[in-house]
Amino acid sequence: MSKKINDAGFETLCIHGGHTAESNRAHLTPIYATSTYTFDSAEQAIAIFKGEEKGYIYGRFGNPTIDEVEQKIALLEAYGLKDANGNPLQLKAILHASGMAAITCMLLSNLKAGDKIITHQSLYGGTQEMLDKILPNLGIEAVIVDFHDHNAVEAAIKADNTIKLMHIETPANPTLQCVDLQALSALGKKHNLIVTVDNTFATPYLQQPFKYDVDFVMHSTTKFLNGHGTAVGGIVIGRDLQKMNTVVTKTHRLLGGNSNAFEAFLLNNGLRTFSLRMERHCSNAEKVATFLEQHPAVERVNYLGLASHPDHEMAKKQMKHAGAVLSFELKGGFDAGVKFINNLKLCVSAVSLGTCDTLISHPASTTHVGVPREKRIEFGITDGLIRMSVGIETIDDILNDLNQALS
Ligand SMILES: Cc1ncc(COP(=O)(O)O)c(C=O)c1O
Numbered sequence: 007m008s009k010k011i012n013d014a015g016f017e018t019l020c021i022h023g024g025h026t027a028e029s030n031r032a033h034l035t036p037i038y039a040t041s042t043y044t045f046d047s048a049e050q051a052i053a054i055f056k057g058e059e060k061g062y063i064y065g066r067f068g069n070p071t072i073d074e075v076e077q078k079i080a081l082l083e084a085y086g087l088k089d090a091n092g093n094p095l096q097l098k099a100i101l102h103a104s105g106m107a108a109i110t111c112m113l114l115s116n117l118k119a120g121d122k123i124i125t126h127q128s129l130y131g132g133t134q135e136m137l138d139k140i141l142p143n144l145g146i147e148a149v150i151v152d153f154h155d156h157n158a159v160e161a162a163i164k165a166d167n168t169i170k171l172m173h174i175e176t177p178a179n180p181t182l183q184c185v186d187l188q189a190l191s192a193l194g195k196k197h198n199l200i201v202t203v204d205n206t207f208a209t210p211y212l213q214q215p216f217k218y219d220v221d222f223v224m225h226s227t228t229k230f231l232n233g234h235g236t237a238v239g240g241i242v243i244g245r246d247l248q249k250m251n252t253v254v255t256k257t258h259r260l261l262g263g264n265s266n267a268f269e270a271f272l273l274n275n276g277l278r279t280f281s282l283r284m285e286r287h288c289s290n291a292e293k294v295a296t297f298l299e300q301h302p303a304v305e306r307v308n309y310l311g312l313a314s315h316p317d318h319e320m321a322k323k324q325m326k327h328a329g330a331v332l333s334f335e336l337k338g339g340f341d342a343g344v345k346f347i348n349n350l351k352l353c354v355s356a357v358s359l360g361t362c363d364t365l366i367s368h369p370a371s372t373t374h375v376g377v378p379r380e381k382r383i384e385f386g387i388t389d390g391l392i393r394m395s396v397g398i399e400t401i402d403d404i405l406n407d408l409n410q411a412l413s
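As numbered in the numbering used here, residues 7 to 413 make up the sequence shown, in order.
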């Protein structure tokens, strides 16, 4: 990044952050479609391999298009924050092929057989499955506690000295539960745990977990950071630069879950309008939530911006805005959910979130169709529950579409 924007604002960093002059004077950093890099001499190869000279070696280890977006996201997560000495917080980010690759890399970098993770129930399904089905085979287990109950969290940590890492997802997918980052991180630190946060739903636009001293933040960049639904990706950001440059880099390289130049370019391009998009996503979501709450066909709306949400006050404390994802319960159950989805004309029926267009899904008939009904309902995914990622279309068009689909 050029010196003139060292103290830049958040929006400026979304555009210029991480950019360095390119040797052919290209305005935008090109898509470096190369699997390997050349050396001028055997001596230079030795120096680069030893880390005595900076340089790219091989595509799985690094790529200039990827570097730019890694630095940009690290700058956004650190924006306005200071380290223990009062200097601007320095973070390092490593881009991965997906959010799941990023989470897996972080977990395997920090845990060994015999260690446990303390976490809460309402995690993204893929993370939950990783804890349930993959990590136990490696001797790593999860302890699940209600993260709203801080006494229970502390008691669980005190009762088991093999707990090494606290994993928080707030707001959580799909329940939108919001837990106290400051209090939980303080508890984790008090007991020498590594504290990690999945910040996918909030993004650094709405919440910066490093403010509370956490160790690692992860994102599925597939969502709001990319913003256009053009590429799957994930990122791990860490404050311990030594650890990021050694064990996390090594794990990333050896797992092979690296991103690629094309998808990094798409992500970087999406980030250029990140701040503006988030502003509109959030204001549209607020209007949609208010509309749905008053609609006679709707039983209940889960949106952190509504006073009726049990975590509304918590969200107000730690988030700049309640965000752009909500869920709502239709009065007519499963059949009403299917009918509503089929009636939509503008909003798109799809399972991701964070894209410019409004995405709507009916978990009971799609993502959770294979989950036994009682279990699904225990998770809060009832027959008529609809999840919605509010887009940035003209608000009246979104509301008109919902209205006609509900009638
Ligand atoms: C909160 C959260 N974390 C992680 C992931 C996994 O990300 P990806 O699909 O990019 O692997 C998702 C995906 O929906 C998610 O919602």
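Every residue gets a Cβ at the ideal spot worked out from N, C-alpha and C, and that includes glycine. None of these values were measured; they are calculated from a predicted model.
- Item | Endpoints, the alpha helix (DSSP H) within which LYS293 is located | In the sequence shown, the residue the question calls residue 293 occupies position 287. Here the alpha helix (DSSP H) through LYS293 covers 280 to 299.
- In or out: ILE140 buried (at least 16 other Cβ within 10 Å) or exposed? Translated into positions along the sequence shown, residue 140 becomes position 134. Counting Cβ neighbours within 10 Å, ILE140 comes out exposed, since fewer than 16 surround it.
- Message: With a threshold of 7 Å on Cβ separation, who are the neighbours of SER8 within its own chain once the five nearest residues in sequence on each side are excluded?
- Response: As a working mapping, residue 8 is identified with position 2 in the sequence shown. Legend: pLDDT at SER8 = 49, less than 50; position of this residue unreliable, value from coordinates given subsequently. If we look at SER8 and ignore the five residues flanking it on each side, it has no Cβ neighbours.
- Message: Mapping the DSSP letters down to three states, classify TYR64 as helix, strand or coil.
- Response: Start at 1 with the first residue of the sequence shown, and residue 64 comes out as number 58. The answer is strand: DSSP assigns TYR64 an E or B state.
- Residue burial classification, TYR38 (beta-carbon count within 10 angstroms, cutoff 16): Against the sequence shown, residue 38 aligns to sequence position 32. Classification for TYR38: buried.
- Nearest-angstrom beta carbon gap, PHE207 and VAL331 [assumed within contact, 8 Å]: As a position in the sequence shown, residue 331 is number 325, starting the count at 1. As a position in the sequence shown, residue 207 is number 201, starting the count at 1. About 6 Å; that satisfies the 8 Å criterion.
- Item | the segment 264 to 276 / the segment 242 to 254 touching (three or more Cβ pairs under 8 Å) | Between the segment 264 to 276 and the segment 242 to 254 there are fewer than three inter-stretch CB-CB distances shorter than 8 Å, so the stretches are not counted as touching.
- Task: Please classify PRO180: is it buried, with 16 or more other beta-carbons within 10 angstroms of its beta-carbon, or exposed?
- Result: As a first step, residue 180 is located in the sequence shown; it is residue number 174 there, counting from the start. Burial state of PRO180 is buried, judged by a 10 Å Cβ sphere holding 16 or more other Cβ atoms.
- For MET394, which of helix, strand or coil comes out of DSSP? The residue given as residue 394 occupies position 388 in the sequence shown. Shown here, MET394 sits in a strand according to DSSP, grouped into three states.
- How many angstroms separate the CA atom of ARG259 from the CA atom of GLY65? Taking the first residue of the sequence shown as 1, we reach residue 259 at position 253. Taking the first residue of the sequence shown as 1, we reach residue 65 at position 59. Answer to the nearest angstrom: the Cα atoms are 10 Å apart.
- Give a yes or no on whether the C-beta atoms belonging to GLU292 and GLY311 are separated by under 9 Å. Sequence index remark: in the sequence shown, residue 292 carries index 286 (1-based). Sequence index remark: in the sequence shown, residue 311 carries index 305 (1-based). Their beta carbons are under 9 Å apart, which means GLU292 touches GLY311 by this criterion.
- Message: If distances are taken between C-alpha atoms only, which option among LYS98, PRO316, PHE340 and VAL223 comes closest to VAL185?
- Response: In the sequence shown, counting from the first residue as 1, residue 185 sits at position 179. Comparing Cα-Cα distances from VAL185 to each of LYS98, PRO316, PHE340 and VAL223, the minimum goes to PRO316.
- Message: What residue range does the alpha helix (DSSP H) around LYS323 cover?
- Response: On the sequence shown, residue 323 is found 317 positions in, with the first residue counted as 1. Residues 318 to 324.
- Message: Determine whether the beta carbon atoms of THR202 and MET172 lie at a separation below 9 Å.
- Response: The residue you call residue 202 lines up with position 196 of the sequence shown. The residue you call residue 172 lines up with position 166 of the sequence shown. Result yes, Cβ atoms of THR202 and MET172 sit closer than 9 Å.
- Query: ALA99 bridges to which residues according to DSSP?
  - Reply: As a working note, residue 99 is residue 93 in the sequence shown. ALA99 pairs with ILE243.
- Determine the closest residue to ILE347 out of HIS33, ARG393 and GLY276, with distance taken between C-alpha atoms. On the sequence shown, residue 347 is found 341 positions in, with the first residue counted as 1. The residue with the shortest Cα to Cα distance from ILE347 is ARG393.
- Are the beta-carbon atoms belonging to VAL149 and LYS122 less than 9 Å from one another? The residue labelled residue 149 in the question sits at position 143 within the sequence shown. The residue labelled residue 122 in the question sits at position 116 within the sequence shown. Yes. Within cutoff.
- Task: Evaluate SER191 with the Cβ neighbour count: other Cβ atoms within 10 Å of its Cβ, from every protein chain shown; 16 or more gives buried, anything less gives exposed.
- Result: To locate residue 191, count along the sequence shown from 1; it is residue 185. Result: buried.
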